[in-house]
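Engineer: Residue numbers (my numbering), protein chains in the order written: chain A, 2 to 362; chain B, 151 to 395.
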Amino acid sequence: MVRNLASLSTLACFLLLSACTKAPEASTSAAPAAAPAELRIFTWSEYFDDEFLRAFSERNNIKVKADYFSNNEEMLAKLQLLGKDSGYDLILPSDYMVRTLVEMNMLQPLDKAKLPVLAEFEAEALNPDYDPGLKFSVPLAVGATGIAVNTKLLPKLSGVKELRWTEILENPAYRGKITMLDDPKEVLQVVLIIQGKKITTATEADVKEAFAYLKQHKGQIKGFPSETRPVVEADECGICMIYSGDALSVAKEKKEIHFVLPSEGATIWTDNLAIPTNARNVDGAYKFVNDLLAEAGAKSFTQRTGYRTANKKARASLPKEITENRVIYPTLEDRKKMSFLVHRKDLAALIDREWALLKSQ
Amino acid sequence: MKALKIYFWALLAFLWAPLFVVLVKGSTLTAFEKLLHNSEVIQAFRSSLVLAAATAVISTVLGLATAFALPAFPPRLRRIFTGSLLLPLVLPEIAFGIAYLVWYQQLGLAPGWFTLLLSHFAFTFCFVVLVLKTSVAKIDHSLSDSARDLGAGSWGVFRHALLPQLMPGIVAGAMMAFSLSLDDFLITFFVKGIDQLTLPVKIYSMMHLRLGPEIYALSVVLFAISLISVIFTQLWYATSHRSRP
Numbered sequence: 002m003v004r005n006l007a008s009l010s011t012l013a014c015f016l017l018l019s020a021c022t023k024a025p026e027a028s029t030s031a032a033p034a035a036a037p038a039e040l041r042i043f044t045w046s047e048y049f050d051d052e053f054l055r056a057f058s059e060r061n062n063i064k065v066k067a068d069y070f071s072n073n074e075e076m077l078a079k080l081q082l083l084g085k086d087s088g089y090d091l092i093l094p095s096d097y098m099v100r101t102l103v104e105m106n107m108l109q110p111l112d113k114a115k116l117p118v119l120a121e122f123e124a125e126a127l128n129p130d131y132d133p134g135l136k137f138s139v140p141l142a143v144g145a146t147g148i149a150v151n152t153k154l155l156p157k158l159s160g161v162k163e164l165r166w167t168e169i170l171e172n173p174a175y176r177g178k179i180t181m182l183d184d185p186k187e188v189l190q191v192v193l194i195i196q197g198k199k200i201t202t203a204t205e206a207d208v209k210e211a212f213a214y215l216k217q218h219k220g221q222i223k224g225f226p227s228e229t230r231p232v233v234e235a236d237e238c239g240i241c242m243i244y245s246g247d248a249l250s251v252a253k254e255k256k257e258i259h260f261v262l263p264s265e266g267a268t269i270w271t272d273n274l275a276i277p278t279n280a281r282n283v284d285g286a287y288k289f290v291n292d293l294l295a296e297a298g299a300k301s302f303t304q305r306t307g308y309r310t311a312n313k314k315a316r317a318s319l320p321k322e323i324t325e326n327r328v329i330y331p332t333l334e335d336r337k338k339m340s341f342l343v344h345r346k347d348l349a350a351l352i353d354r355e356w357a358l359l360k361s362q
Numbered sequence: 151m152k153a154l155k156i157y158f159w160a161l162l163a164f165l166w167a168p169l170f171v172v173l174v175k176g177s178t179l180t181a182f183e184k185l186l187h188n189s190e191v192i193q194a195f196r197s198s199l200v201l202a203a204a205t206a207v208i209s210t211v212l213g214l215a216t217a218f219a220l221p222a223f224p225p226r227l228r229r230i231f232t233g234s235l236l237l238p239l240v241l242p243e244i245a246f247g248i249a250y251l252v253w254y255q256q257l258g259l260a261p262g263w264f265t266l267l268l269s270h271f272a273f274t275f276c277f278v279v280l281v282l283k284t285s286v287a288k289i290d291h292s293l294s295d296s297a298r299d300l301g302a303g304s305w306g307v308f309r310h311a312l313l314p315q316l317m318p319g320i321v322a323g324a325m326m327a328f329s330l331s332l333d334d335f336l337i338t339f340f341v342k343g344i345d346q347l348t349l350p351v352k353i354y355s356m357m358h359l360r361l362g363p364e365i366y367a368l369s370v371v372l373f374a375i376s377l378i379s380v381i382f383t384q385l386w387y388a389t390s391h392r393s394r395p
């Protein structure tokens, strides 16, 4: 996180500088594509398994090349710096980054006729607030932030299906038994939701009030571990805020852990497939999206990573342990209450300061 | 005295405990087995080693030449030059990464092996010169004078009178360049082409999906390499000092 923030501020300065300099005309080394077409993807690592890539290459005579980034801002910076020459045919921005890229005219509008796989998608997935109507992006991985309950430490909670954050943060029975994520935006979102507010419209006063609430109930919180999984596995927290990706692997290892979603609503995020304006192999990109998100591809993706996709057929063919885990597959009710994280530049400094105060208290 | 001892051990524990935890978590057979089947990790590991070795060689050779030339610079120029060597220590890496990429774009160089090696050379070079500068300053010139009196040519003087005195600095500089290059993420990310993949780029990108023990195992591998290089350097010092008359 610290690395991200430091990077962000430096990035901003340099992008301003680089905006004034013009990228050179198309470089000579990236000359015409040879016989087996190339599909260049800018992605997070481990999203595609080798077997899928091999099968895709053979079927379509397309050689897939992947380049990796580790956060959205880095990806944006490199795309901008490379300009017209970036040469990527498919990129994987997260929800809020899709909007940024659209505003900067860096994504192509999608031709739905070339995306038959969307017919297998749940209706609720077709209209996210960051990209209404999926004009520019197709969601691949959908993750949420939920709660893992350790019934060995808190046997009373064994049958519980839902928990309120206010209960978790205020009931003295849970004092010192809670861990929250080491991420100011995620934690702030929880309190804003409790207090009936939204990050999109929050004011400075709202943020201060939210952190005042957290400080008041700091005694409930045991810590903010940067890696949740080891803490949960070591029985070190009774109620642990957890990413859905961790939920599957923990569930496989420990039977005494079960997963609930906060009744007030949870945070959701998506990683999406999108085609940059300067893509060369656009047809290849469409083929890739269709194959990756078809039933078989989507099913194996969820089994491997613990993140769901929007494919209805894949859901129907997945084992019950996965589809009944509410952190991985929230119910429709849960999903209505979920909200995306939004990066508020105007509040960022305040949030960082309050977060540092909270942690040092 | 007792308090000092406790402080010493506490400090040591604080520094090493996190590494130990990762070591224990990463040292499961399944994690390593998974790693071995991840062909990209193996490929990234190989590229990282080749890049780090090449960087170390180039930086050390040119760094040594620069360290020798430095005393001959006019004083003002020398001050400016040595001052600029400190830039990579104080400026954030991302600034360099972005600046290099913008610069290569201006020159019309497509990101690839060449730009990657050039950038790694550029930022490790400064550290190597800083290390070798002190070694060169400490040279005992009476030795080279004696060698010359005894009939050694300039190569002979360098080989037999200077090089042995510089060797500790050279090894330290090369090791530093090697490990800086091996660990670098941000500069690499910006200047590499799609066909290059280094281990840190792979590791950071793998973290996003939080897929587990493989990351720990990878950290163990990186940690082991650094440890081996430190032990190697120490052993080398020990034996080279013993063999001296």
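For glycine and all other residues, C-beta sits at the position ideal for the given N, C-alpha and C.
(1) Using 8 Å as the Cβ pair cut-off and three pairs as the minimum, do the segment 271–291 of chain B and the segment 325–337 of chain B touch?
(2) From A/Pro185, A/Glu52 and A/Ile42, pick the residue whose C-alpha is nearest to that of A/Lys360; which is it?
(3) Answer with yes or no whether the minimum CB distance from A/Asn273 to chain B is below 7 Å.
(4) Once DSSP output is grouped into helix, strand and coil, what is the label at A/Thr44?
(5) Looking at the secondary structure, which residues open and close the beta strand (DSSP E) in which A/Tyr69 lies?
(6) Could you tell me which uninterrupted beta strand (DSSP E) segments, each at least 3 residues in length, are contained entirely in the segment 138–195 of chain A, listed from first to last along the chain?
(7) Chain A beta carbons: is any one of them nearer than 7 Å to that of B/Ser355?
(8) Hey, out of A/Ile258, A/Gly246 and A/Ala275, whose CA is closest to A/Tyr330's CA?
(9) Looking only at C-alpha atoms, which of A/Phe70, A/Glu355, A/Glu228 and A/Ser250 sits nearest to A/Met242?
(10) Does B/Ile365 come within less than 7 Å of chain A when only Cβ atoms are used?
(11) Using the three-state DSSP reduction, which class does A/Tyr131 fall into: helix, strand or coil?
(12) Let me confirm a value: B/Ala374 is counted as buried when at least 16 other C-beta atoms fall within 10 Å, else exposed. Which label applies?
(13) For B/His399, count neighbouring C-beta atoms within 10 Å of its own C-beta (all shown protein chains included) and say buried if the count is 16 or more, exposed if not.
(14) Cα separation between A/Val261 and A/Leu91?
(15) Would you identify the three-state DSSP class for A/Glu355, choosing helix, strand or coil?
(16) Look at the alpha carbon of A/Met339 and the alpha carbon of A/Ala267, and state the distance between them as a whole number of angstroms.
(17) Go ahead and pull the three-state DSSP assignment for A/Leu262.
(18) With a cut-off of 8 Å, do at least 3 Cβ pairs link the segment 279–293 of chain A to the segment 48–59 of chain A?
(19) Can you find a C-beta in chain B that's less than 7 Å from the C-beta of A/Glu123?
(20) Mind listing the chain A neighbours of B/Lys352? Cutoff is C-beta to C-beta under 8 Å, in chain order.
(21) Measuring alpha carbon to alpha carbon, tell me which residue in A/Glu121, A/Lys157 and A/Val99 is nearest A/Pro133.
(22) If the cut-off is 7 Å on Cβ atoms, which residues from the segment 114–145 of chain A count as contacting chain E, listed in chain order?
(23) Check the DSSP bridge columns for A/Asp272 and list the partner residues they point to.
(24) Mapping the DSSP letters down to three states, classify A/Pro37 as helix, strand or coil.
(25) What residues in its chain sit with their C-beta under 8 Å from that of B/Ile289, if we drop five residues either side in the sequence?
(26) Looking at chain B, which residues of the segment 240–259 of chain A have a Cβ within less than 9 Å of any of its Cβ atoms?
(27) Mapping DSSP to helix, strand and coil, what is A/Ile222?
(28) Give every residue of the same chain whose Cβ lies closer than 8 Å to the Cβ of A/Val283, excluding the five residues on either side of it in the sequence, and list them in chain order.
(29) Can you have a look at A/Asp96 and say buried or exposed, based on whether 16 or more other CB atoms are within 10 angstroms of its CB?
(30) For the segment 76–87 of chain A, which residues have a CB atom closer than 8 Å to at least one CB atom of chain B, in sequence order?
(31) Which term fits B/Thr472, buried or exposed, when burial requires 16 or more other beta carbons within 10 angstroms of its beta carbon?
(32) To the nearest angstrom, how far is the alpha carbon of B/Thr383 from that of B/Val321?
(33) At a Cβ threshold of 7 Å, is A/Arg281 touching chain B?
(34) Taking only beta-carbon atoms, is B/Leu237 less than 7 Å away from chain A?
(35) For a cutoff of 7 Å on Cβ pairs, would you count A/Lys360 as touching chain B?
(36) Pull up the distance between the alpha-carbon of B/Ile156 and that of B/Leu169, whole angstroms please.
Structural biologist: If we stick to the structure as given:
(1) yes
(2) Your numbering for residue 360 of chain A matches position 359 in the first sequence. Among A/Pro185, A/Glu52 and A/Ile42, the Cα nearest to that of A/Lys360 is on A/Pro185.
(3) Counting from 1 along the first sequence, the entry for residue 273 of chain A is found at position 272. No, because no Cβ of chain B sits closer than 7 Å to the Cβ of A/Asn273.
(4) On the first sequence, residue 44 of chain A is found 43 positions in, with the first residue counted as 1. Strand, per DSSP.
(5) Taking the first residue of the first sequence as 1, we reach residue 69 of chain A at position 68. Looking at the DSSP string, the run of the beta strand (DSSP E) that includes A/Tyr69 is Ile63 to Tyr69.
(6) 139–151
(7) Walking along the second sequence from the start, residue 355 of chain B turns up at place 205. Closer than 7 Å to some Cβ of chain A, the Cβ of B/Ser355 qualifies, so yes.
(8) Taking the first residue of the first sequence as 1, we reach residue 330 of chain A at position 329. Of A/Ile258, A/Gly246 and A/Ala275, the residue nearest in Cα terms is A/Gly246.
(9) One-based indexing of the first sequence puts residue 242 of chain A at position 241. Among A/Phe70, A/Glu355, A/Glu228 and A/Ser250, the Cα nearest to that of A/Met242 is on A/Glu228.
(10) Along the second sequence, one-based indexing puts residue 365 of chain B at 215. Output row for B/Ile365: interface = no.
(11) Residue mapping note: residue 131 of chain A aligns to position 130 of the first sequence, counting from 1. Reduced to three states, the DSSP call for A/Tyr131 is coil.
(12) Taking the first residue of the second sequence as 1, we reach residue 374 of chain B at position 224. Burial call: exposed.
(13) Since the first and last residues shown for chain B are 151 and 395, residue 399 of chain B lies out of range.
(14) If you number the first sequence from 1, residue 261 of chain A lands on position 260. If you number the first sequence from 1, residue 91 of chain A lands on position 90. Rounded to the nearest angstrom, the two C-alpha atoms are 35 Å apart.
(15) Along the first sequence, one-based indexing puts residue 355 of chain A at 354. Residue state, collapsed to three classes: helix.
(16) Here the question's residue 339 of chain A lines up with position 338 in the first sequence. Here the question's residue 267 of chain A lines up with position 266 in the first sequence. If you take the alpha carbons of A/Met339 and A/Ala267, they lie about 5 Å apart.
(17) Here the question's residue 262 of chain A lines up with position 261 in the first sequence. Reduced to three states, the DSSP call for A/Leu262 is strand.
(18) yes
(19) Taking the first residue of the first sequence as 1, we reach residue 123 of chain A at position 122. Taking Cβ atoms only, chain B never reaches closer than 7 Å to A/Glu123, which makes this a no.
(20) As a working mapping, residue 352 of chain B is identified with position 202 in the second sequence. What B/Lys352 touches in chain A: Ser46 and Tyr69.
(21) Mapped onto the first sequence, residue 133 of chain A falls at position 132. Residue A/Val99 is the option with its Cα nearest to A/Pro133.
(22) In the structure shown, chain E does not exist; the protein chains are A and B.
(23) Here residue 272 of chain A is taken as the residue at index 271 of the first sequence, counted from 1. DSSP output for A/Asp272 lists A/Ser95 and A/Ala142 as bridge partner(s).
(24) As a first step, residue 37 of chain A must be located in the first sequence, where it is residue number 36. Three-state DSSP puts A/Pro37 in coil, outside helix and strand.
(25) What you label residue 289 of chain B is simply residue 139 of the second sequence in a count that begins at 1. Around B/Ile289: Leu312, Gln315 and Leu316.
(26) Tyr244, Gly246, Asp247 and Ser250
(27) Taking the first residue of the first sequence as 1, we reach residue 222 of chain A at position 221. Residue state, collapsed to three classes: strand.
(28) Sequence index remark: in the first sequence, residue 283 of chain A carries index 282 (1-based). Closer than 8 Å at the Cβ level, and outside the excluded window around A/Val283, lie Asp90, Gln109 and Ile276.
(29) As a working note, residue 96 of chain A is residue 95 in the first sequence. The residue in question, A/Asp96, is buried, as its Cβ has 16 or more Cβ neighbours within 10 Å.
(30) Ala78, Lys79, Leu82, Leu83, Gly84 and Asp86
(31) Limits of chain B in this structure are 151 at one end and 395 at the other, which puts residue 472 of chain B out of reach.
(32) Your numbering for residue 383 of chain B matches position 233 in the second sequence. Your numbering for residue 321 of chain B matches position 171 in the second sequence. About 7 Å.
(33) What you label residue 281 of chain A is simply residue 280 of the first sequence in a count that begins at 1. Not one chain B Cβ lies under 7 Å of A/Arg281.
(34) The residue you call residue 237 of chain B lines up with position 87 of the second sequence. Closer than 7 Å: no.
(35) On the first sequence, position 359 is the one that residue 360 of chain A refers to. For A/Lys360, the answer is no, since every Cβ of chain B falls outside 7 Å of its Cβ.
(36) Position 6 of the second sequence holds residue 156 of chain B. Position 19 of the second sequence holds residue 169 of chain B. Distance between the alpha carbons of B/Ile156 and B/Leu169: 20 Å.
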